[in-house]
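A.B. asks: This is the structure I want to talk about, given as structure tokens.
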Amino acid sequence: MRKSSKHPITLAAVLLCAMAAGTSAVAQNAKPAAAAAAAVQKGFTPPGQSKNTEIDSIAVIVNDEVITRRELAQEVNTIVQRMKAQNAQLPSAADLQRQIVEHMIVQRAQLQMAREMGVRVDDAMLDRAMVRVAAEQKMTVQQLRDQIEKQGGSYAAFREDIRNEIIMTRLREHEVDQKIQVSEAEVDSFLAAQEAAAAEQFEVNISQILVRIPENASPDVIAQRQKRAEEVMRQLRTGADFAKMAATYSDASDALQGGVVGWRQTDRIPPVFAEALVKLNPGQVTPIIKSVGGFHILKLSDKRSVAQAQAEAAVQQTHARHILLKVTPTLSAADAKRRLAEIKQRLDSKSATFEELARLYSNDESAKKGGDLGWLVPGDALPEFEQAMNALKPGEVSGPVETSFGYHLIQVVERKSEDESKEKKRNEARMALRERKMVEAAEDFQREVRDRAYVEFRAEDLKEAK
């Protein structure tokens, strides 16, 4: 499971953020504004306070919720403290606030969509996630908490940030990841291109600045966005700091991290990016690259050779089946586990076969095949699924197993260990193609969520900056 955080604790290993977040035009649906405005007017006064003392006010309305001035100020303070801790150059206060407001709008819209779809992360699941987060920092949970509070943060707020990141990851998995398909023909073409390419491949450590083109943008708007990208390039050529330019101008989700994308294999990024990057030396930037989503400027921070995969590899393969029940507004997590427990009782009593029950109850595409997942090699399944599967003997059925997709019953049919170097190459090719598609699809999804949201800027300074 991948997570990210705006706190000084490094969580890059927990969540790889999508390369861009939508920043397109505001949707036209104005009905949610009335509910939000009724909830919070220009300010509110708690009992015992003077009616003339306004202690908070609406900054932005996002559908039927509000972002208050206090929330915005807290977010700005958190980001500023983190960037200072990283010795990063800060953009101007106005530019930083604009970036943070847009980030909060996109996040709030995604969380609202997740709630509507019934995506939930309960405290028990969050506790397990906090243990993993702490372990990745080589800390106990208490040490993690002490560190956050020492840095002036709130551990309770940190927990909620992690909860929100898990929720948004699950939403993306449901709306984006599961819908991505890679055909065998695409795999064949990918492998053929690899063989035709130079034998030595590279990984590149890159940063990006994205000037997004709104969906259905007019030629005038596209020209304005191109002019903005050209101004960024002009400043970079005169010595401007790339990270500061990213934090100031980029519309990507990693803008506040200085545009850092990190290490990527050249065959796992869009070809137009790879073609431009291979011509550079570390420290150089690409020309402006236009894509469907906008105008990109990439910086090559470093590159390194990728060691050749072992020619032969003997791995354990598992032939497995599963029955998946997804959590929905009409099926709670507790009901899903209860229903799977009842299904397992029928399997244990041999009153029905696994294939029959999978066809009847499973919410997965494999249901029509009796839940058959075929032969799996390490890395094919989610870690929680793989761990439970590996603990089973052939013929055994697990109890309910929770993953980001829902709750599963898993049956191991058989196992084998054999040379599968060719199949491994195909699996790696399939994963590379899938990752490439996921990057592009995640950008489109976040832009669509932002475009569909009703957004009203109440604060005058935000109206000017939007």
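Reading the sequence shown from the start, the letters are residues -27 to -1, 1 to 439 in mature numbering (1 follows the signal peptide of the UniProt record, and there is no 0).
Glycine included, every Cβ here is placed at the ideal spot set by N, Cα and C.
(1) Report the rounded CA-to-CA distance for residue 53 versus residue 47, giving the unit in angstroms.
(2) Please go through the segment 229 to 298 and give each complete beta strand (DSSP E) segment of 3 or more residues, from N-terminal end onward.
(3) For residue 301, does the three-state DSSP call read helix, strand or coil?
(4) Give the straight-line distance between the Cα atoms of residue 34 and residue 137, rounded to the nearest whole angstrom.
(5) Output yes or no for whether 8 angstroms exceeds the beta carbon distance between residue 378 and residue 146.
(6) Label residue 373 either buried or exposed according to how many other C-beta atoms from any shown protein chain fall within 10 Å of its C-beta, with 16 as the threshold for buried.
(7) Can you give me the C-alpha to C-alpha distance between residue 295 and residue 330, rounded to a whole angstrom?
(8) Identify which residue in 318, 350 and 370 has its Cα closest to the Cα of residue 289.
(9) Tell me whether residue 7 sits in a helix, a strand or coil according to DSSP, three-state version.
(10) If we ignore side chains and look at the alpha-carbon of each, how far apart do residue 435 and residue 358 end up?
(11) For residue 432, which three-state DSSP category applies?
(12) For a minimum of 3 consecutive residues, which ranges assigned as the beta strand (DSSP E) are wholly contained in the segment 24 to 94?
(13) Where do the ends of the alpha helix (DSSP H) carrying residue 327 lie?
(14) Could you pull out every unbroken alpha helix (DSSP H) segment of at least 4 residues lying fully inside the segment 175 to 216, listed in chain order?
(15) Tell me which residues share the same chain as residue 4 and place their Cβ nearer than 8 angstroms to its Cβ, disregarding the 5 neighbours each side in the sequence.
(16) Sorry if obvious, but does the Cβ on residue 414 come closer than 7 angstroms to a heavy atom of the ligand GTP?
(17) Taking the C-alpha atoms as reference points, what is the distance between residue 261 and residue 204?
(18) What three-state label does DSSP hand residue 476 in the structure shown?
(19) Kindly give me the distance between the Cβ atoms of residue 298 and residue 309, rounded to whole angstroms, as I take these residues to be in contact under 8 angstroms.
C.D. replies: Walking through what the data contain:
(1) 10 angstroms
(2) 233 to 238, 267 to 278 and 287 to 298
(3) strand
(4) 19 angstroms
(5) yes
(6) buried
(7) 10 angstroms
(8) 350
(9) With a pLDDT of only 39 at residue 7, under the threshold of 50, the placement of this residue in the model should not be trusted; the figure read from the coordinates follows. In the structure shown, residue 7 sits in a helix (DSSP, three-state: H, G or I).
(10) 46 angstroms
(11) coil
(12) 31 to 35 and 38 to 41
(13) 327 to 334
(14) 192 to 210
(15) Legend: pLDDT at residue 4 = 38, less than 50; position of this residue unreliable, no value from coordinates given.
(16) As presented, the structure is devoid of all ligands, the ligand GTP included, so that no description of it is given.
(17) 11 angstroms
(18) What is shown of the chain runs -27 to 439, which leaves residue 476 out entirely.
(19) 4 angstroms
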